[in-house]
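Below: one structure, written as structure tokens.
In mature numbering (1 follows the signal peptide of the UniProt record, and there is no 0), the protein residues as written are -21 to -1, 1 to 151.
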């Protein structure tokens, strides 16, 4: 075999082997994803004297969070909250939220957020629905587990309400 043939075969072998180097991109874990959680807190009615009061509240929620960049995120959330009140209140609350991540040095993240949505209320005297606003903060311990604290303002027909809740969340 002459030198020209060896060089030609070597160049051909190198040219075909380098073409496969681009097929293995680095894997980067996305912060986007579905989440779910449980909430415990307090439901309160603000209005006339006969409609005022508060009760223990409990619920579940779930949704999807999308990150627009490393820090800014938006999510949609659907929550069910029940209250041990005299009128057996139940709330379904779809919301859209916007948050900002503040990474801490220990790997945790603080995420304040605000949101708007609609609430559908069912109680022993009937049902009602109207707009709602929420604000809160979430402390994310790792990629999957976080604790949150939220305040929800519920606009009512005759009376307004609020739900303050602490939640334990898991991101899938």
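By construction, the Cβ of each residue, glycine as well, lies at the ideal position given by its N, Cα and C atoms.
Burial state of residue i, where buried means 16 or more other Cβ atoms lie within 10 Å
| i | result |
| --- | --- |
| residue 48 | exposed |
| residue 70 | buried |
| residue 133 | buried |
| residue 20 | buried |
| residue 144 | buried |
| residue 140 | buried |
| residue -13 | exposed |
Length of the line joining the Cα atoms of residue i and residue j
| i | j | result |
| --- | --- | --- |
| residue 118 | residue 72 | 22 Å |
| residue 114 | residue 135 | 18 Å |
| residue 18 | residue 80 | 21 Å |
| residue 138 | residue 41 | 27 Å |
| residue 22 | residue 95 | 18 Å |
| residue 109 | residue 100 | 9 Å |
| residue 57 | residue 76 | 11 Å |
| residue 142 | residue 149 | 21 Å |
| residue 82 | residue 89 | 6 Å |
| residue 43 | residue 93 | 15 Å |
| residue 39 | residue 87 | 24 Å |
| residue 34 | residue 120 | 30 Å |
Pair within 8 Å by beta-carbon distance, residue i and residue j
| i | j | result |
| --- | --- | --- |
| residue 66 | residue 16 | no |
| residue 130 | residue 111 | no |
| residue 78 | residue 106 | no |
Reduced DSSP category for residue i - H, G, I as helix; E, B as strand; rest coil
| i | result |
| --- | --- |
| residue 83 | coil |
| residue 10 | coil |
| residue 52 | strand |
| residue -12 | helix |
| residue 125 | strand |
| residue -17 | helix |
| residue 32 | strand |
| residue 64 | coil |
| residue 38 | strand |
| residue 138 | coil |
Integer-rounded CB distance, given that residue j should sit under 8 Å from residue i
| i | j | result |
| --- | --- | --- |
| residue 61 | residue 36 | 7 Å |
| residue 14 | residue 151 | 7 Å |
| residue 32 | residue 64 | 7 Å |
CB contact check: residue i to chain D, cutoff 8 Å
| i | result |
| --- | --- |
| residue -13 | The structure shown has no chain D; it contains just one protein chain. |
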